[in-house]
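Asker:
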Amino acid sequence: MLSFNKINYLCLFVGILIFGLNIKYQLSLLWLLVLGLLWITITVIGIFHIRWNYFVKGRHCGSKTSGKIALTFDDGPNAKYTPIILDLLKEYGAKATFFCIGKHVENHLDIFKRIIIEGHVIGNHSYCHSVNYGFLPKENIEEDIDECNHVVKSVLTKKPKLYRPPFGVTNPAIAKAVESLKMTCCGWSIRSLDTRATSSNQIIKRVNITS
Ligand SMILES: [Zn+2]
Numbered sequence: 604m605l606s607f608n609k610i611n612y613l614c615l616f617v618g619i620l621i622f623g624l625n626i627k628y629q630l631s632l633l634w635l636l637v638l639g640l641l642w643i644t645i646t647v648i649g650i651f652h653i654r655w656n657y658f659v660k661g662r663h664c665g666s667k668t669s670g671k672i673a674l675t676f677d678d679g680p681n682a683k684y685t686p687i688i689l690d691l692l693k694e695y696g697a698k699a700t701f702f703c704i705g706k707h708v709e710n711h712l713d714i715f716k717r718i719i720i721e722g723h724v725i726g727n728h729s730y731c732h733s734v735n736y737g738f739l740p741k742e743n744i745e746e747d748i749d750e751c752n753h754v755v756k757s758v759l760t761k762k763p764k765l766y767r768p769p770f771g772v773t774n775p776a777i778a779k780a781v782e783s784l785k786m787t788c789c790g791w792s793i794r795s796l797d798t799r800a801t802s803s804n805q806i807i808k809r810v811n812i813t814s
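Note that our numbering has the sequence shown beginning at 604, numbered continuously upward.
#1: Which whole-angstrom value describes the C-beta separation of Cys788 and Gly639, a residue pair presumed to lie in contact below a C-beta threshold of 8 Å?
#2: Going by DSSP in three states, Tyr736 sits in which element: helix, strand or coil?
#3: By the DSSP assignment, the beta strand (DSSP E) with Asn838 in it spans what residues?
#4: Can you give the Cα-Cα distance for Gly771 and Phe715, rounded to whole angstroms?
#5: Span of the beta strand (DSSP E) holding Cys788?
#6: Quick check on DSSP: helix, strand or coil for Arg662?
#7: Count the other CB atoms, across all protein chains shown, that sit within 10 Å of the CB of Val647; report buried if there are 16 or more and exposed otherwise.
#8: According to DSSP, which residues form a beta bridge with Gly679?
#9: When you compare the segment 664-683 with the segment 698-714, are there three or more beta-carbon pairs, one atom per stretch, that lie closer than 8 Å?
#10: Using three-state DSSP, classify Gly623 as helix, strand or coil.
#11: How would you write the range of the alpha helix (DSSP H) that Trp642 sits in, first residue to last?
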């Protein structure tokens with residue numbers, strides 16, 4: 604599987620090779636530019652595709668033969684939607700993992716407690732879910748994850764072990780922070796993209812649910 608380190612070493616090796624071939628056989632140095640563009644392309648795809656495990660190895664699905672699915676919900680607790688989801692899960696006797704945002708937990712403690720009481724798993728989805736999360740240095744990300752952990756711990760009495768990065772974005776800084784806090788990075792195998800959907804049918808089609 605591709606990883607950031609492997610690609611870096613491979614590109615370095617090929618770069619030295621191109622340089623050597625330039626000296627011996629006058630191979631055009633434009634190949635270095637091609638190599639650089641290829642490195643940028645792979646790295647950008649790796650940043651936005653958490654399932655590649657490009658920067659950090661994570662969990663994105665269970666056994667394909669188990670016939671089971673794991674439901675996860677991000678960005679809560681939300682005053683409007685989380686109670687509806689909890690009602691539905693209760694109705695069907697299902698459990699899920701809620702990747703919560705620390706500041707939302709503080710704002711909706713009653714809903715957060717209900718998630719716990721009803722037996723669902725709590726994951727860390729950052730404290731502030733800032734839009735520039737992917738540009739933050741390792742120290743700030745570590746601080747942010749830890750802040751959410753503390754908010755969760757103040758109610759749950761234990762820190763969450765699972766972490767889902769905001770927007771599913773990973774990079775070397777996020778990888779180092781996750782490693783340093785000994786958390787398990789979680790992605791997904793199917794993404795509903797419900798925040799961009801204009802109808803429930805669109806979501807149903809995306810998650811490939813047949814009625
Ligand atoms: Zn999110």
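Built from N, CA and C at the ideal position, the CB exists for glycine as well. Computed from a predicted model, the values in this text were never measured in an experiment.
Answerer: Taking the definition as stated:
#1: Cys788 to Gly639, Cβ: 28 Å. No contact.
#2: helix
#3: The structure shown does not extend to residue 838, since the chain is modelled only from 604 to 814, so the question has no answer here.
#4: 22 Å
#5: 787-789
#6: strand
#7: exposed
#8: Cys703
#9: yes
#10: helix
#11: 633-651
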